[in-house]
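Final position of the sequence shown in UniProt numbering is 549; the numbers increase by one with none missing.
From the three backbone atoms N, C-alpha and C, an ideal C-beta is built for every residue, glycine too.
Written below as C-alpha cells is the structure these notes are about.
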Amino acid sequence: MECGITLASHDIRPSRSCRFLGVRLDQKLTGKDHISHIQVNGTKSLAALTSIAGSTWGIPTLGLRQIYRSIILPRALYCCSVWALGNNVNKDIETKLKNVIERIQSRAARIIAGAYRATSKAALDIELFLLPAAQLIKKTMGEAFLRIASSPLFEEIARLTEEKWGSHKRASPTTSSPLLRIREQWKAKLGDENTANIERRLPHLFFPWWRPPPVEIAGSRELAVAQHNQIRDNTEGVLIYTDGSAVNGHVGAAAIAPGMCTSRKRYIGSTRCTTVYAAELQGIEMALEIAGTAISQGITKFSAFTDNQAALRALIHPGDHSGQQILASVILKLQQLWGAGASFDFHWIPAHQGVPGNESADALAKAAAQQGRTLESGDRATGPRTQDSLIAALRQSIHQAVMEEWKKLWRESARGRQLFKVAPEPTRKSLELYRSTPRVLSSLIIQMRTGKIGLRHFLYQRKVPGVTSGECECGQGLQTVSHVLYTCSRFNELRLTFRTLDEKGRRRWTTDLRKMLNQRSTAIAAAKFMMATKLLGQFGAILYSQHEA
C-alpha cells in the first residue's frame, strides 16, 4: 500500500521499515535494515576517529582504543542479539552481522594501531586486545540473555514466548524466538545445571529510607589493624571473623568467634555458578547466625571483621548487583538481631596481616572449598545451601568460553604469524607497551611486532613501485625488523647509542626479539633506533634521541 494517512494536518506516508526501541524492523523481519543502519553509523564514527589521530600524531593509542570500546562498539552491538542467530530459513543474517561488525572493528583497529592495511585483522585484535567479531557477538548475546533471565518476570516472559512461538510451529516449523535460540546455545556451553536456576534481581532491594548498619572501612591497612587491636582490647562484646575463598574451582565460606570457641564453615559451590564475593556475604551471614545463638547467653554486642570491602559496601548501598538474594538474607538476619536488642557493627581487616582470627577464618574457608565435593555428598547440614546460579559467575564463564575460542583461533590461524612469535596468545599485558607511550612510538612498535613495516622486505612483498628487491643494501640478508635491529652493519655505531644499560651498566640488547619487543623499555629503545636509521619514510620527519621519552 502506498496510501498515507493525515493526522492533525500531518501527512504520514508508509515506510518499508520502522524503529522500535532502537531496533530497525523491516516488513519481512529479515534484519537487513538494522544491519545497514549499523554499517552507516559505523562509517560515520570511524571517519570521526580518523580525524583525531594518525599514525604519527593525535590521541595516544590507548585513548583511541577507549573511545572505540566506549562509544563506537556499543552503538554497533546495540540490539545485535535480536538478529545474531538466524533460523534455518534465514541463516545468512548471522554472517552479515558478523561481517559488518568485523569490518568496523578492522578499520577501527588500523586507525588505533597506526598500522598498514596489509596487517591482518587477527593480528590487530591480538595486539590491541580486542575480542574478534564472532566471539564478541556471542558474548553480547550471552550477557543479554543473562540480563533478561535475571528479571523477576523471566519465567512469565519465557512461558509466553514459548506459547506464542509454539502456536506458530505448524505453520512455520523452522522459526523460533531469538531469546529461546540464545538460551539453548548457552545452555549447551554452560551446562543445564548452571542455567536451570538463574538468580532473580530486583531494581531496589529495600526502601530508600532504610538505614544501613555501622560499617567502618579504614583508609589504610595499618590503620585497619590498629583499629582492630583497639576494639579487641577494649570491647566487652564478641569478635567474629569471616572469610570466603576459592580453591581449585570450588568456593567456601567460614565464620569464627574465637572468644566463644565457635566456628562455622560452608561449601558454597563451584566457580561456574558462584563467586568469592557471594562466599564473603555468606560468611557474614554465618557470623549473624553465630550472634543469634549467643543472644540466648545474654551477649548483645558484636563486631564482625572481614577482608572484603565490596561485601561491606554492599551492606551500606544494597543495589541490584549479583548476589542480591544472599544480601537480602543477610540484612533480614541483621534486622532480627536488632529486634532482639543486639548491636552489630562491621569492620574491614586486611588479609594476611597476622591477625589470628582472620587467618583462622581464611583457613576454614579454604578447607570448606577443598572439601567441597565431600561436603556436598556427605554433611548436608554444613554442605552447600540450595541457591541459584549467580549472574556474575555465569558472565565470567561466558567470558572464559569466548576467550578459549579466541586462543584456539589464534593458534590455528594462518595470518599474523610474525606477531604469533612475539604474542602466542591473547593477553591484556600487550597494552602495557603503549601506556603513556607517545603516539608515534606506539605505532612503530606495533609495526615492528606485526612485521608489517616500511622496510624493503615488506615493501617488495607488497609490490610497491620502485622496490626491486627485499634485500638490505648492506648485502647481508633480507631487510626485516630482526635484520635492522641485530645484523645490518650500516648501523653498528648507531645501535650502540640506543642500546639500554643492563644491570652491570653495559650497553647491550637481548638477542631474543620476543623478549625485546615484549618489554616496554627495550621496545621503546628499539623503536627510537628504527626511526634514527631513516629507513622509514613514514617517520622520517620525527627525531628521537635515546634520552627522550
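Leaving aside the five residues that flank K366 on each side, the residues in its chain whose CB is nearer than 8 Å to its CB run, in chain order, S245, V247 and G252. The C-alpha of K28 lies about 58 Å from the C-alpha of E471.
The alpha-carbon of S397 is positioned some 21 Å away from that of Q370.
E222 sits away from L390, with the two beta carbons spaced by 8 Å or more. Spanning the alpha carbons of Q185 and T195 requires a straight line of approximately 11 Å.
Inclusion of L394 and L327 in the CB contact set at 8 Å is not warranted, their separation being larger than that value. Runs of alpha helix (DSSP H) with 4 or more residues, each lying fully within the segment 403-430, are found at 417-422, listed in chain order. Nearest to G454 by alpha-carbon distance, out of Y116, M141 and Q325, is Y116. Counting along the chain, C18 sits inside the beta strand (DSSP E) bounded by residues S17 to F20. Within its own chain, the residues whose Cβ lies closer than 6 Å to the Cβ of K265, once the five positions on either side in sequence are excluded, are A254, L364 and A368, listed in chain order. Contact between I256 and Y267 does not hold, since their C-beta atoms are separated by about 16 Å, which reaches or exceeds 8 Å. According to DSSP, residue pairing for G244 in a beta bridge involves A253.
With fewer than 16 other Cβ atoms from the protein chains shown falling within 10 Å of its own Cβ, A8 counts as exposed. Secondary structure of R490 (DSSP, three-state): helix. CA-to-CA, the gap between T56 and A314 works out to about 46 Å. Each residue's CA atom was taken as its position, placing Y460 and Q538 some 16 Å apart.
Here R428 is exposed, its C-beta having fewer than 16 other C-beta atoms within 10 Å.
Annotation: K98 to W406 spans about 15 Å, alpha carbon to alpha carbon.
Looking at the backbone, the Cα of R456 and that of V481 are separated by about 10 Å. Around L444, the same chain offers A527, M530, M531 and F539 as residues with beta carbons nearer than 7 Å, after the five sequence neighbours per side are excluded. Counting C-beta pairs with one atom in each stretch, the segment 406-421 and the segment 65-77 have fewer than three that are closer than 8 Å, which means they do not touch. For K265, the pairing in a beta bridge is given by DSSP as A254. Counting the other Cβ atoms within 10 Å of the Cβ of F302 gives 16 or more, which makes it buried. The beta carbons of Y277 and G323 sit closer together than 8 Å. Across the set R439, P178, G372 and P424, the C-alpha of P178 shows the shortest separation from the C-alpha of C80. Leaving aside the five residues that flank R16 on each side, the residues in its chain whose CB is nearer than 7 Å to its CB run, in chain order, D26 and Q27.
Looking from the CA of K164, the closest CA among L153, L180, S150 and S151 belongs to L180. Per DSSP, the continuous beta strand (DSSP E) segment holding S303 begins and ends at K301 to T306.
When DSSP states are grouped into helix, strand and coil, I453 belongs to the coil group.
Contact between F154 and I182 fails: their C-beta atoms lie close to 13 Å from each other, not under 8 Å.
Residue burial annotation: I217 is exposed, with fewer than 16 other C-beta atoms found within 10 angstroms of its C-beta. Uninterrupted alpha helix (DSSP H) stretches at least 4 residues long and entirely within the segment 107-192 occur at 121-127, 133-149, 154-167 and 178-190, given in chain order. Here DSSP, grouped into helix, strand and coil, assigns I284 to helix. Counting other Cβ atoms within 10 Å of its Cβ, D243 reaches 16 or more and is therefore classed as buried. If you draw a straight line from the Cα of V100 to the Cα of L64, it comes to about 20 Å. When beta bridges are read from the DSSP output, R24 appears opposite R19.
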